[in-house]
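**Student:**
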Amino acid sequence: MALTWLSEPTVEALRAGLRTVSPDLADGTIVPRGLEPSDDPQWCAASAVVDGRFVVKFAWAEPPALRICHQVRLMAALRAAAPRLPLPIVVAVSRDPAMLITRRVAAVPFFDIRHMVAPADRQTIASDLATVLADLHDSQVLKTVSEEMGPLPEPMAPASTATLRAGFGPMIRPDQRDRVLSWCDWTDRVLAAPGRTVLVHGDFHGDNHLWDRKSLRLRLVIDWETAGTGEPEFGLRCLPGDCGIELFTATVAAYERMSGTTLDVDRIMAWHLRTVLGDALWRAEAGVALPDHRTPAQWIDDLTARFTALGT
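Going by the UniProt record's numbering, the residue at position 207 of the sequence shown is 207; the numbering climbs one at a time, nothing skipped.
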């Protein structure tokens with residue numbers, strides 16, 4: 001079947017697509033998210049909640065349409081390869097136009113509940129995170145999914161240290177510049193040799209794992225469109241900032257117990273550094289506010305505190 005996508009980023013175009021893919025939803029109440037024009041075809045995609053019960057992912061350019069199809073195939077393969085993974089329940093899929101419809105669950109992003117995490121909750125939450133990651137990173141899962149799908153892509157890498165060295169200096173305080181250069185040199189040394197290869201989510205940050213607000217238990221992992229092959233440490237790279245160091249180290253310990261493998265915390269932090277600074281750099285260059293509406297210099301202070309807490 002031919003691959004197509006919506007003609008424009010409008011609710012009307014989405015309704016027209018739904019009439020083809022799932023006619024019962026076409027006249028429902030649509031609440032879009034990210035439905036904005038983009039000059040870059042890579043980002044011509046969005047999602048919407050329909051009637052408060054369904055989530056629709058769709059695109060109006062080829063690259064994100066391909067990612068939707070990749071996500072559909074991957075989730076189907078993962079249901080067989082890793083049945084414990086909390087994957088979205090698929091309601092309908094289509095290539096013409098590219099669309100994925102899943103059932104909405106009563107859960108919120110981790111960012112919405114992390115302020116509620118008390119020390120007594122830490123081990124349970126760490127166990128939930130570690131269970132998902134260890135199951136996904138199991139070597140048999142990669143083997144089974146690759147046999148079903150063929151060669152898998154690598155997720156998009158964060159900014160290189162060369163890019164960070166060249167662009168980050170003007171955004172921060174003079175007393176921070178040597179620190180960033182030193183971190184970049186350290187990152188190059190830490191990541192000089194490749195790590196082992198597993199299947200990684202690709203974008204495992206706090207908006208992509210959803211939690212029950214009352215029980216503080218993990219309910220769902222979403223947005224698998226950039227999943228592919230990488231090293232386990234790359235898969236955990238968002239946790240030091242998203243979770244805080246105490247929960248991060250508890251998750252690492254739980255992961256190692258469950259998987260019987262060792263994680264290199266220095267490698268996680270090297271990927272974390274490139275991810276955090278790369279995010280700050282592109283946002284500053286594009287004139288887009290940082291997610292917490294603070295400054296790149298404040299993010300450097302946060303990174304300093306994390307490295308200090310880890311003794312790195």
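All C-beta atoms in this analysis are idealised placements derived from N, C-alpha and C, irrespective of residue type, glycine included.
Being a predicted model, the structure only gives us computed values, none of them experimental.
#1: Please classify residue 140 as buried or exposed, where buried requires at least 16 other C-beta atoms within 10 Å of its C-beta.
#2: For residue 61, collect the residues of the same chain with a Cβ closer than 7 Å to its Cβ; drop the 5 residues on either side in sequence, then sort them by chain order.
#3: In its own chain, which residues sit with a C-beta less than 7 Å from the C-beta of residue 109, not counting the 5 before and 5 after it?
#4: Measuring alpha carbon to alpha carbon, tell me which of 100, 162, 168 ends up nearest residue 283.
#5: I need the DSSP call for residue 209, collapsed to helix, strand or coil.
#6: Measuring only the C-alpha atoms, how far is residue 240 from residue 229?
#7: Going by C-alpha distance, which of 295, 270, 170 is nearest residue 188?
#8: Output needed for residue 198: all residues of its chain with C-beta closer than 6 Å, excluding positions within five of it in sequence on either side, in chain order.
#9: Between which two residues does the alpha helix (DSSP H) harbouring residue 6 extend?
#10: Which stretch, first to last residue, makes up the beta strand (DSSP E) that contains residue 99?
#11: Assuming residue 97 and residue 202 are in contact, meaning their beta carbons sit under 8 Å apart, how far apart are those beta carbons, in whole angstroms?
#12: What first and last residue would you give for the beta strand (DSSP E) that runs through residue 249?
#13: May I ask you to list the residues that DSSP assigns as paired with residue 229?
#14: So, is residue 214 buried or exposed, given that buried needs 16 or more other C-beta atoms within 10 angstroms?
#15: Within 10 Å of its beta-carbon, does residue 272 have 16 or more other beta-carbons around it, so buried, or fewer, so exposed?
#16: Are at least three pairs of beta-carbons, each pair with one atom in the stretch 295-302 and one in the stretch 162-177, less than 8 Å apart?
#17: Kindly indicate the opening and closing residues of the beta strand (DSSP E) around residue 76.
#18: Just the C-alpha distance for residue 253 and residue 39, rounded to the nearest angstrom, thanks.
#19: So what does DSSP say about residue 300, is it helix, strand or coil?
#20: What did DSSP end up calling residue 89 once you bin it into helix, strand or coil?
#21: Using the rule of at least 16 other Cβ atoms within 10 Å of the residue's Cβ for burial, across every protein chain shown, is residue 235 buried or exposed?
#22: If you reduce the DSSP assignment to three classes, tell me which class residue 125 lands in.
#23: I think residue 54 touches residue 104, with their Cβ atoms under 8 Å apart; what is that distance to the nearest whole Å?
**Tutor:** In brief:
#1: Taking the sequence shown and counting its residues from 1, the one referred to as residue 140 is at position 140. Residue 140 should be labelled exposed.
#2: The residue given as residue 61 occupies position 61 in the sequence shown. So the list reads 5, 41, 44, once near-sequence residues are dropped.
#3: Within the sequence shown, numbered from 1, the residue matching residue 109 stands at position 109. Counting only Cβ-Cβ distances below 7 Å, and skipping sequence neighbours, we find 206, 207, 210.
#4: Within the sequence shown, numbered from 1, the residue matching residue 283 stands at position 283. The shortest Cα separation from residue 283 among 100, 162, 168 belongs to 168.
#5: Here residue 209 corresponds to residue number 209 of the sequence shown, with the count starting at 1. Three-state DSSP puts residue 209 in a strand.
#6: For the purposes of this step, residue 240 is taken as the residue at position 240 of the sequence shown. For the purposes of this step, residue 229 is taken as the residue at position 229 of the sequence shown. C-alpha separation (whole angstroms): 21 Å.
#7: In the sequence shown, the residue the question calls residue 188 occupies position 188. For residue 188, the nearest C-alpha among the options comes from 270.
#8: For this step, residue 198 is matched to residue 198 along the sequence shown. Cβ neighbours of residue 198 beyond the five flanking positions: 137, 142, 232.
#9: For the purposes of this step, residue 6 is taken as the residue at position 6 of the sequence shown. Counting along the chain, residue 6 falls outside any alpha helix (DSSP H), and DSSP gives it neither H nor E.
#10: Numbered from its first residue, the sequence shown carries residue 99 at position 99. Taken as a continuous stretch (DSSP letters only), the beta strand (DSSP E) holding residue 99 covers 98-103.
#11: Here residue 97 corresponds to residue number 97 of the sequence shown, with the count starting at 1. Here residue 202 corresponds to residue number 202 of the sequence shown, with the count starting at 1. The Cβ separation is near 23 Å, so there is no contact.
#12: Position 249 of the sequence shown, counting from 1, holds the residue named residue 249. Element bounds for residue 249: not the beta strand (DSSP E) but the alpha helix (DSSP H), 245-259.
#13: Taking the sequence shown and counting its residues from 1, one reaches residue 229 at position 229. 199.
#14: Along the sequence shown, one-based indexing puts residue 214 at 214. Its Cβ having fewer than 16 others within 10 Å, residue 214 is exposed.
#15: Taking the first residue of the sequence shown as 1, we reach residue 272 at position 272. Residue 272 comes out buried.
#16: yes
#17: As a first step, residue 76 is located in the sequence shown; it is residue number 76 there, counting from the start. It is not in any beta strand (DSSP E) - residue 76 instead sits in the alpha helix (DSSP H) that spans 62-81.
#18: Looking up residue 253 in the sequence shown gives position 253. Looking up residue 39 in the sequence shown gives position 39. Their backbone Cα atoms lie some 43 Å apart in a straight line.
#19: What you label residue 300 is simply residue 300 of the sequence shown in a count that begins at 1. Residue state, collapsed to three classes: helix.
#20: For this step, residue 89 is matched to residue 89 along the sequence shown. The answer is coil: DSSP assigns residue 89 none of H, G, I, E or B.
#21: As a position in the sequence shown, residue 235 is number 235, starting the count at 1. Flag for residue 235 reads buried.
#22: Indexing the sequence shown from 1 puts residue 125 at position 125. Judged by DSSP in its simplified three-state form, residue 125 adopts helix.
#23: Residue mapping note: residue 54 aligns to position 54 of the sequence shown, counting from 1. Residue mapping note: residue 104 aligns to position 104 of the sequence shown, counting from 1. Right, their Cβ atoms sit about 6 Å apart.
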